[in-house]
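J.: With my numbering applied, the sequence shown covers 887 to 1154.
My questions will all concern the structure given below.
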Amino acid sequence: MRAFFNRELESAATFWRVFRRDGVALGFSSHDRDLAFAGLRHRTAPGMVPAAIRMTSDLSEDSASVEGTLSHDSISSDDLAAGLFDNAAIEIGIVDWETLEHHSLYSGVIGRVEDNQRSFSADLLSAKHVLEQDLVPRTSPTCRAVFCGLGCGLSSHRFTQRVELNEVDFDFNQVRFSTITSASYVDGQLRFLSGPQTGLVFGILSANGDWLTLDRPLHDGLIAGTAAELTEGCDHTLGTCSSRFDNAVNFRGEPFLPGNDLLARYGQ
């Protein structure tokens, strides 16, 4: 393997690759011309550089961040706002722009992205961030299980259907599907199967007639006829679990457990 920075003058540049969840792969380099290696063309983007990379040999989280200008056609503020880069896999490394020998320094996923219209910054999360998740369940009045997930016991196929988009309202961030009972999908999920936001999962905040309000911005390239997959929602209360889904036996919550304010609470 090539040893970098072992001499006074180096022909080295930074490269980074972004693998979006919709299958799009993008490559960039800090060099002043495009570099093609490892099956991907890395376009010149000298304004976008790794700001800091920290790697450890223990189980603590490795961290990195990337800052840059939104000057490249491959990354736009609309795409960032639409969530096309959310949880995208990323790889950062160094490449010899003469011999194209390269070495990866960091790999992870894109976390929080901040955009102020002139520049953007992104926090990167390594695989170690999974180790920091708290796996000990906490008591709660609502169900902690993911609807149709582990612990719920219901089948997602029973509450999921494939539909086609009828209309989009970009002003109110709403979509309309005329063949559904909209109220059943509040707190549910929408996943587009084609179009500019393929594979992204949207949360459904509310329903108004045939219209569904989503929790993230819609891409302006979205058109009627786009295939989508709708999954019904659950408000995770015991009443809904029992009356609507007849699934109280799998309820993962403690709705009748006294809270911390028991002694200070007024009598009923």
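Where is the CB? At the ideal position from N, CA and C, for every residue including glycine.
What would DSSP say about residue 993, mapped onto helix, strand or coil?
T.: The count along the sequence shown starts at 1 and reaches residue 993 at position 107. If DSSP states are grouped into helix, strand and coil, residue 993 belongs with the strands.
J.: Looking only at its chain, what residues have a beta carbon closer than 8 Å to the beta carbon of residue 911, apart from the 5 residues adjacent to it on each side?
T.: Taking the first residue of the sequence shown as 1, we reach residue 911 at position 25. Same-chain partners within the cutoff: 903, 904, 905 and 926.
J.: Residue 1046 and residue 1117: beta carbons closer than 8 Å?
T.: Counting from one through the sequence shown, the residue named residue 1046 turns up at place 160. Counting from one through the sequence shown, the residue named residue 1117 turns up at place 231. Cβ distance < 8 Å, so residue 1046 and residue 1117 count as in contact.
J.: The alpha helix (DSSP H) that contains residue 964, what's its start and end?
T.: Position 78 of the sequence shown, counted from the start, is the residue given in the question as residue 964. Run containing residue 964: 963–967, per the alpha helix (DSSP H) assignment.
J.: Under a Cβ-count criterion, where at least 16 other Cβ atoms within 10 Å of its own Cβ denotes burial, should residue 1078 be classed as buried or exposed?
T.: Here residue 1078 is taken as the residue at index 192 of the sequence shown, counted from 1. It counts as buried.
J.: For the segment 1063–1071 against the segment 1039–1054, are there 3 or more C-beta pairs whose distance is under 8 Å?
T.: A contact exists between the segment 1063–1071 and the segment 1039–1054.
J.: Tell me which residue opens and which closes the alpha helix (DSSP H) that residue 1124 is part of.
T.: Sequence index remark: in the sequence shown, residue 1124 carries index 238 (1-based). Counting along the chain, the alpha helix (DSSP H) containing residue 1124 begins and ends at 1124–1129.
J.: Quick check on residue 915: does DSSP put it in helix, strand or coil?
T.: On the sequence shown, position 29 is the one that residue 915 refers to. If DSSP states are grouped into helix, strand and coil, residue 915 belongs with the strands.
J.: The beta strand (DSSP E) spanning residue 1097 covers which residue range?
T.: Indexing the sequence shown from 1 puts residue 1097 at position 211. Segment 1097–1100, the beta strand (DSSP E) holding residue 1097.
J.: Looking only at its chain, what residues have a beta carbon closer than 6 Å to the beta carbon of residue 995, apart from the 5 residues adjacent to it on each side?
T.: As a working note, residue 995 is residue 109 in the sequence shown. Here the set comprises 973, 975 and 1011.
J.: Keeping to the same chain, check which residues put their C-beta closer than 8 Å to that of residue 1054; ignore five residues upstream and five downstream.
T.: As a first step, residue 1054 must be located in the sequence shown, where it is residue number 168. Answer for residue 1054: 1060, 1061, 1062, 1104, 1108, 1109 and 1110, listed in chain order.
J.: Exposed or buried, residue 1076, counting other C-beta atoms within 10 Å across all chains shown (16 or more means buried)?
T.: The residue given as residue 1076 occupies position 190 in the sequence shown. With 16 or more Cβ atoms within 10 Å of its Cβ, residue 1076 is classed as buried.
J.: Starting from the C-beta of residue 897, find all residues in its chain whose C-beta is less than 7 Å away, skip the five residues before and the five after it, and write them out in chain order.
T.: For the purposes of this step, residue 897 is identified with residue 11 of the sequence shown, where counting begins at 1. So the qualifying residues of the chain are 982, 983 and 984.
J.: Which of the three DSSP states is assigned to residue 988 in this structure?
T.: The residue given as residue 988 occupies position 102 in the sequence shown. Looking at residue 988 - three-state DSSP - the assignment turns out to be strand.
J.: Under a three-way DSSP split, which group does residue 891 fall into?
T.: Along the sequence shown, one-based indexing puts residue 891 at 5. It is coil, neither helix nor strand.
J.: Measuring alpha carbon to alpha carbon, tell me which residue in 965, 1123 and 1096 is nearest residue 1029.
T.: Translated into the one-based positions of the sequence shown, residue 1029 becomes position 143. Comparing Cα positions, the closest option is 1123.
J.: Name the DSSP beta bridge partners of residue 902, please?
T.: Along the sequence shown, read from residue 1 onward, the residue named residue 902 stands at position 16. Bridge partners of residue 902: 914 and 978.
J.: Quick one: Cα of residue 1035 to Cα of residue 990, how far?
T.: As a first step, residue 1035 must be located in the sequence shown, where it is residue number 149. As a first step, residue 990 must be located in the sequence shown, where it is residue number 104. If you take the alpha carbons of residue 1035 and residue 990, they lie about 36 Å apart.
J.: Let me know the secondary structure DSSP gives residue 1135 once reduced to three states.
T.: One-based indexing of the sequence shown puts residue 1135 at position 249. DSSP places residue 1135 in helix when its eight states are reduced to three.
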